[in-house]
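All remarks here apply to the structure that follows.
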Amino acid sequence: MEYGIFTVGDVTTDPTTGRTQTEHERIKSTVAIAVKAEEIGLDVFATGEHHNPPFAAPANPPVLLAHIAAKTERIKLSTSTTLITTNDPVRIAEDYAYLQHLADGRMDLMLGRGNTGPVYPWFGKDIREGIPLAIENYALLHRLWREENVDWQGKFRTPLQGFTSTPRPLDGSPPFVWHGSIRSPEIAEQAAYYGDGFFSNHIFWPAEHTARMIALYRARFEHYGHGTADDAIVGLGGQVYLARNSQDAVKEFRPYFDNAPVYGHGPSLEEFTAQTPLTVGSPAEVVEKTLGFKEYAGNYNRQLFLVDHAGLPLDAVLKQLDLLGEVVAELRSHETPSPDVELVETPAPEGSAS
Numbered sequence: 012m013e014y015g016i017f018t019v020g021d022v023t024t025d026p027t028t029g030r031t032q033t034e035h036e037r038i039k040s041t042v043a044i045a046v047k048a049e050e051i052g053l054d055v056f057a058t059g060e061h062h063n064p065p066f067a068a069p070a071n072p073p074v075l076l077a078h079i080a081a082k083t084e085r086i087k088l089s090t091s092t093t094l095i096t097t098n099d100p101v102r103i104a105e106d107y108a109y110l111q112h113l114a115d116g117r118m119d120l121m122l123g124r125g126n127t128g129p130v131y132p133w134f135g136k137d138i139r140e141g142i143p144l145a146i147e148n149y150a151l152l153h154r155l156w157r158e159e160n161v162d163w164q165g166k167f168r169t170p171l172q173g174f175t176s177t178p179r180p181l182d183g184s185p186p187f188v189w190h191g192s193i194r195s196p197e198i199a200e201q202a203a204y205y206g207d208g209f210f211s212n213h214i215f216w217p218a219e220h221t222a223r224m225i226a227l228y229r230a231r232f233e234h235y236g237h238g239t240a241d242d243a244i245v246g247l248g249g250q251v252y253l254a255r256n257s258q259d260a261v262k263e264f265r266p267y268f269d270n271a272p273v274y275g276h277g278p279s280l281e282e283f284t285a286q287t288p289l290t291v292g293s294p295a296e297v298v299e300k301t302l303g304f305k306e307y308a309g310n311y312n313r314q315l316f317l318v319d320h321a322g323l324p325l326d327a328v329l330k331q332l333d334l335l336g337e338v339v340a341e342l343r344s345h346e347t348p349s350p351d352v353e354l355v356e357t358p359a360p361e362g363s364a365s
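Sequential numbering of the sequence shown, starting at 12, is according to my numbering.
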């Protein structure tokens with residue numbers, strides 16, 4: 012099991028002080044958080060991709076991840092979203108292969124459609140074509156990392172004749188790919204077809220919904236001949252706020268929860284923690300709830316936590332990470348010995364994913 016954190020890079024006013032980080036501060040904070048994640052023994056740091064305020068997540072994640080790679084030695088660098096719909100798959104192939112070389116292979120990426128509708132027309136795309144874009148663009152990306160002199164013709168980009176993307180993947184091994192989705196069965200199907208990982212970022216959704224998505228992915232993974240349903244490569248999102256005792260955690264986090272736009276001023280903190288994976292409490296409570304994810308997801312391969320959102324200042328996030336390090340150590344003690352799953356892509360079946 013891999014444990015890590017992901018960031019969406021939001022720039023949100025701290026409701027306890029009224030102060031908003033500058034973009035420069037938020038970007039530098041993100042680097043500090045990634046370095047700290049390695050120091051406390053986490054396996055993965057992942058960044059989102061955004062093209063609009065109020066976010067300071069990179070528009071091109073390999074820029075940030077390459078910088079972090081130069082400051083770290085062990086932690087795997089990934090994305091919590093690489094926009095497969097609005098990015099040119101040729102550029103994705105080039106940029107992430109380059110990152111793979113700079114990071115000496117300790118990277119992968121998660122493809123997704125994002126959660127910002129206006130980004131589609133900004134890049135000349137139609138949001139109504141989101142699923143077809145994801146299917147076609149990944150079909151091309153998959154080939155570009157495995158073939159040279161590629162001939163290609165599709166609906167959404169100009170044709171290619173004899174095109175070879177450079178640099179080639181490190182040691183001839185394409186980066187491992189996760190397909191992230193909250194609610195789209197077509198993306199679970201796509202991940203299963205290629206034998207790739209499926210990441211359910213279920214931070215705002217009830218367990219029943221997540222269970223259905225993962226069950227679909229597992230069944231189709233087996234159907235396409237990549238192994239048994241239990242062999243399917245599953246990742247989950249989660250979000251936490253930690254303090255030594257639950258009373259302090261709730262007291263400290265409540266103003267951030269109550270004022271953050273992402274929570275929509277809807278359910279109360281207590282309702283939200285009861286209905287979703289959000290855990291606000293002591294390390295023991297976070298361990299207990301996280302262990303419960305297996306009840307509906309089965310054994311899975313990657314757990315990423317969101318810890319730096321809603322206006323939390325850097326010093327608070329770094330304290331969270333110290334406690335999260337304790338949580339992860341305890342979670343590891345509960346793992347049952349099993350063969351390691353090497354995250355490498357398996358050949359897709361003959362035919363088309365669409």
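Just so it is clear, CB atoms sit at the ideal spot from N, CA and C, and this is done for glycine as well.
Length of the line joining the Cα atoms of A254 and I198: 36 Å
What is the C-beta distance between L110 and A77, in whole angstroms, given that I count them as a contact (C-beta under 8 Å)? 6 Å
Unbroken beta strand (DSSP E) run spanning K87, endpoints: 87-90
Kindly give me the distance between the Cβ atoms of W156 and P185, rounded to whole angstroms, as I take these residues to be in contact under 8 Å. 4 Å
Just to confirm the assignment, what range does the alpha helix (DSSP H) spanning I44 have? 34-50
Assuming S344 contacts S293 (C-beta within less than 8 Å), just tell me the rounded distance between them. In fact, because the Cβ distance is near 17 Å, the residues do not count as touching under 8 Å.
Leaving out five residues before and five after D319 in sequence, what residues of the same chain have Cβ atoms less than 7 Å from its Cβ? T18, I44, V328
Name the residue from P65, V74, F304 whose alpha carbon lies nearest to the alpha carbon of W216. F304
Under three-state DSSP, which class holds E159? coil
In terms of DSSP beta bridges, what is V245 paired with? F209
Exposed or buried, what is N212 when buried is set at 16 or more other beta-carbons lying within 10 Å of its beta-carbon? buried
Buried versus exposed call for K87 [16 or more other C-beta atoms within 10 Å across all chains shown]: buried
In the DSSP assignment, find the beta strand (DSSP E) that holds V55 and state where it starts and stops. 55-58
Of all the options G123, P266, N160, which has the alpha carbon lying nearest to the alpha carbon of R179? N160
Going along the chain, which residues of its own chain have a beta-carbon closer than 6 Å to the beta-carbon of Q331, five neighbours each way excluded? L253, V318
For R223 and Y274, I'd like the C-alpha separation in whole angstroms. 24 Å
is_contact[P288, chain B] using C-beta, thresh 9 Å: The chain inventory of the structure shown lacks chain B, comprising one protein chain alone.
Cutting at 6 Å between CB atoms, please list the residues of its own chain near D119, excluding the five before and the five after it. S89, P186, F187
Select from G125, L289, V101, D242 the residue whose C-alpha is nearest the C-alpha of I214. L289
Note down the Cα distance separating R124 from G183, rounded to an integer number of angstroms. 27 Å
For a test of the three-state rule: what should DSSP assign to R154, helix, strand or coil? helix
Assigned secondary structure, Y228 (DSSP; H/G/I helix, E/B strand, else coil): helix
Quick check on G29: buried or exposed, where buried means 16 or more other Cβ atoms within 10 Å of its Cβ? exposed
Look up F304 in the DSSP assignment and say whether it is helix, strand or coil. coil
Distance, E36 Cα to L334 Cα: 23 Å
Is the distance from the Cβ of P132 to the Cβ of G322 below 9 Å? no
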